[in-house]
Amino acid sequence: MSVTAGEGGGARGAADGGLLIAVITNTAPESTLPRVLDALRTEGAGPGEVVVLFTGEPGGAADRTLEVLLRNRPVEVVRTPRAMRAGEGRQFLADGVRGHRFVAFLDDDCVPQPGWLSAVRAACADPLPTALFFGPRHPVAAGGGGALVRALESRSSKKLALIDAADVPAAVLAPKALSAAGNFVVNVMAAREIGLALPLFARTAFEDVDFQVRAELHGWAVQFHRDLLVEHHDEVGVVALLRKSWHSGKGMARCAVLYGTAFWDKCRLRPWRALLSWAVALLCLAAVPVLPWAAAGALLPVLLNTWLHRRELRGARLSHRALYLLVKPVRDLMIGLGFIVHYAAIRLMSWPPSEWAEMRRAGTTVGLRYTPLHDAEEVRASPTG
40 MSVTAGEGGG ARGAADGGLL IAVITNTAPE STLPRVLDAL RTEGAGPGEV
90 VVLFTGEPGG AADRTLEVLL RNRPVEVVRT PRAMRAGEGR QFLADGVRGH
140 RFVAFLDDDC VPQPGWLSAV RAACADPLPT ALFFGPRHPV AAGGGGALVR
190 ALESRSSKKL ALIDAADVPA AVLAPKALSA AGNFVVNVMA AREIGLALPL
240 FARTAFEDVD FQVRAELHGW AVQFHRDLLV EHHDEVGVVA LLRKSWHSGK
290 GMARCAVLYG TAFWDKCRLR PWRALLSWAV ALLCLAAVPV LPWAAAGALL
340 PVLLNTWLHR RELRGARLSH RALYLLVKPV RDLMIGLGFI VHYAAIRLMS
390 WPPSEWAEMR RAGTTVGLRY TPLHDAEEVR ASPTG
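Heads up: the sequence shown begins at 40 in the numbering used here, then just goes up one per residue.
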């Protein structure tokens, strides 16, 4: 079955109103991609319901690896016309898909857990006009120091707090938690109307959060479902994690400028706290020649993280605690630096002007019109009417 425009004429299929599951991959990892596809088959997903969205370089090594991995798996592959970042690839599919109202996006290292597909189908049957359904993405320390830090961090996430709440229903409307693009379900009509991934976030992180906030500001519902659970088999190392942290800070800065309290209501992290603790530590070190006892202040970032993240550290192995206490303050510092540098550049210099001029006039991306990659947008009825 052809799922996108340009394949078989792009005709709308008879299964209009259905669900498409798209596993997005850029590198076709042999360690996790087959596990994701096999888990979907175990869940009961048919071959026509699942596609692999390949966003890597056409004809490259990853493309050839993908062909080998899928040789015995009846899954259609949708290839982007050129190498794309994940957010742009999702927009490409949402613009071109035909015959489906919803697309469930999974990263190639996010393995669905039992009940995931049933929860997705139940969510899509909800009559409330909903732009985005998302669920918890539980990191598994599959390899690499960065993956371990992320796995420990998840123990105090807002999504976990929603799950642990005694009175939490199956679905939470307008949740005070940030979505994760590696495990969410998108309403195709909403993605075409307001844009799933705007160019403003093309070179940074948080394009999924931007869509989440914009959807609510446009009048669409956003729902958190605790049963949409996947295991994130992250294999990121410490250096890669710090690089991702810098980009996360940049994405946070853009969301903070555009949405203010609408963003901070959902975000647990306050990047300036890490910067303040590091500033105090550096001042204490600078004062050592005059006040030798001030050297104790240099331990502030570690002591502060020990207190703030005591839940994550509880029950962890000693070696894992040590790594976390060493890496976590630096990770928070990188997020804080990425945030404050980019935030200051936007506020003080209106930089980069090509991206911000129109949005600063509108005050928010809600005032912008999204231009789809393909012709003809669909029009929906007002969710309040």
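Backbone N, C-alpha and C fix where the C-beta goes; we use that ideal spot for every residue, glycine too.
Keep in mind that this is a model prediction, so the values were computed, not measured.
Open item on the list: Can you find the residues in the same chain that come closer than 6 Å, C-beta to C-beta, to K215, ignoring five residues on each side of it along the sequence?
Closed with: If you number the sequence shown from 1, residue 215 lands on position 176. Closer than 6 Å at the Cβ level, and outside the excluded window around K215, lie D304 and K305.
**Item:** Within 8 Å, strictly: CB atoms of P178 and R160
**Value:** For this step, residue 178 is matched to residue 139 along the sequence shown. For this step, residue 160 is matched to residue 121 along the sequence shown. Going by C-beta atoms, P178 is not nearer than 8 Å to R160.
Give me whichever residues DSSP pairs with G57 in a beta bridge. On the sequence shown, residue 57 is found 18 positions in, with the first residue counted as 1. Paired residues: H139.
Could you compute how far the alpha carbon of K289 sits from the alpha carbon of A186?
Numbered from 1 along the sequence shown, position 250 holds the residue referred to as residue 289. Numbered from 1 along the sequence shown, position 147 holds the residue referred to as residue 186. Those two C-alpha atoms are separated by around 21 Å.
Backbone CA spacing between P97 and V89 [nearest angstrom]
Residue 97 sits at position 58 when you count from the first residue of the sequence shown. Residue 89 sits at position 50 when you count from the first residue of the sequence shown. P97 and V89: Cα-Cα distance of roughly 20 Å.
Residue interval of the beta strand (DSSP E) (run including F93):
On the sequence shown, residue 93 is found 54 positions in, with the first residue counted as 1. Start and end: V89 to F93.
Where does P208 land, buried or exposed, given buried means 16+ other C-beta within 10 angstroms? To locate residue 208, count along the sequence shown from 1; it is residue 169. Its Cβ having fewer than 16 others within 10 Å, P208 is exposed.
Worksheet entry | Spatial distance of R51 from L59 (CA atoms) | Taking the first residue of the sequence shown as position 1, residue 51 is located at position 12. Taking the first residue of the sequence shown as position 1, residue 59 is located at position 20. Residue confidence is low: R51 scores 29 on pLDDT, short of 50, so the model does not pin down where it sits. No coordinate-derived value is stated.
Three-way DSSP call (helix, strand, coil) for F144 in this model:
Working through the sequence shown from its first residue, we reach residue 144 at position 105. Here F144 sits in strand by DSSP.
- [ ] Quick one: grab the DSSP three-state call for G288.
- [x] Here the question's residue 288 lines up with position 249 in the sequence shown. Helix, per DSSP.
request  = Please name the residue in H139, N111, D371 and L79 whose C-alpha comes closest to that of V277.
outcome  = To locate residue 277, count along the sequence shown from 1; it is residue 238. Looking at the Cα atoms, D371 is the closest of the given residues.
- Find out if the Cβ-Cβ distance for the pair N226, C149 is shorter than 8 Å. Your numbering for residue 226 matches position 187 in the sequence shown. Your numbering for residue 149 matches position 110 in the sequence shown. Cβ atoms of N226 and C149: not closer than 8 Å.
**Q.** Buried or exposed (CB count within 10 angstroms, at least 16 for buried), V117
**A.** In the sequence shown, the residue the question calls residue 117 occupies position 78. Classification for V117: buried.
query: If you count every other CB in all the chains shown that lies within 10 Å of the CB of W317, and 16 or more means buried, which is it?
result: Residue mapping note: residue 317 aligns to position 278 of the sequence shown, counting from 1. So W317 ends up on the buried side.
Quiz prompt | Beta-ladder partner(s) of L212, from DSSP | solution = As a working note, residue 212 is residue 173 in the sequence shown. Paired residue(s): Q262.
With DSSP collapsed to three states, give me the class of V114. Translated into the one-based positions of the sequence shown, residue 114 becomes position 75. Coil at V114, not helix or strand.
Distance CB(G455)-CB(D266) smaller than 8 Å: Residue 455 lies beyond the residue range present for the chain, which begins at 40 and ends at 424; the question has no answer from this structure.
Checklist entry - Is the distance from the Cβ of L72 to the Cβ of L108 below 8 Å? => result By 1-based counting over the sequence shown, the position of residue 72 is 33. By 1-based counting over the sequence shown, the position of residue 108 is 69. Yes, Cβ-Cβ distance for L72 and L108 is below 8 Å.
Query - G85 classed as buried or exposed, judged by whether at least 16 other C-beta atoms fall within 10 angstroms - result: Counting from one through the sequence shown, the residue named residue 85 turns up at place 46. Per the 10 Å Cβ criterion, exposed.
Would DSSP call A84 helix, strand or coil?
-> Translated into the one-based positions of the sequence shown, residue 84 becomes position 45. Coil, per DSSP.
Problem - Cβ-Cβ distance between D247 and S287 below 8 Å - result: Here residue 247 is taken as the residue at index 208 of the sequence shown, counted from 1. Here residue 287 is taken as the residue at index 248 of the sequence shown, counted from 1. Not in contact: D247 and S287 (Cβ atoms no closer than 8 Å).
Quick one: is E351 buried, meaning 16 or more other Cβ sit within 10 Å of its Cβ, or exposed?
On the sequence shown, position 312 is the one that residue 351 refers to. Buried, since its Cβ has 16 or more Cβ neighbours within 10 Å.
| query | Exposed or buried, what is W285 when buried is set at 16 or more other beta-carbons lying within 10 Å of its beta-carbon? | reply | For the purposes of this step, residue 285 is taken as the residue at position 246 of the sequence shown. With 16 or more Cβ atoms within 10 Å of its Cβ, W285 is classed as buried.
query = Do three or more CB pairs link the region 238 to 257 to the region 288 to 302 at distances below 8 Å?
reply = yes
In terms of DSSP beta bridges, what is T66 paired with? On the sequence shown, residue 66 is found 27 positions in, with the first residue counted as 1. Its beta-bridge partners do not exist; DSSP assigns none.
request  = Pick out whichever of L362, L330, R129 and F172 has its Cα sitting closest to the Cα of A158.
outcome  = Taking the sequence shown and counting its residues from 1, the one referred to as residue 158 is at position 119. Nearest option by C-alpha distance: F172.
Check your understanding: Does the beta-carbon distance from P425 to D147 come in below 8 Å?
Key -> Any question about residue 425 goes unanswered here, given that the chain covers just 40 to 424.
| message | Spatial neighbours of E127 within its chain, please: C-beta separation below 7 Å, excluding the five flanking residues on both sides. | response | One-based indexing of the sequence shown puts residue 127 at position 88. Taken in chain order, the residues that qualify are A236 and A241.
Inset, instruction - Rounded to whole angstroms, what's the CA-CA distance from F141 to A361? Just pull it up for me. - result: For this step, residue 141 is matched to residue 102 along the sequence shown. For this step, residue 361 is matched to residue 322 along the sequence shown. Their backbone Cα atoms lie some 43 Å apart in a straight line.
Q.
Is the beta carbon of A355 closer than 8 Å to that of V261?
A. Mapped onto the sequence shown, residue 261 falls at position 222. Mapped onto the sequence shown, residue 355 falls at position 316. Against a cut-off of 8 Å, the Cβ pair of A355 and V261 comes out as no contact.
| said: According to DSSP, is H381 part of a helix, a strand, or is it coil? | reply: Stepping through the sequence shown from its first residue, residue 381 is reached at position 342. Of the three classes helix, strand and coil, the one that applies to H381 here is helix, per DSSP.
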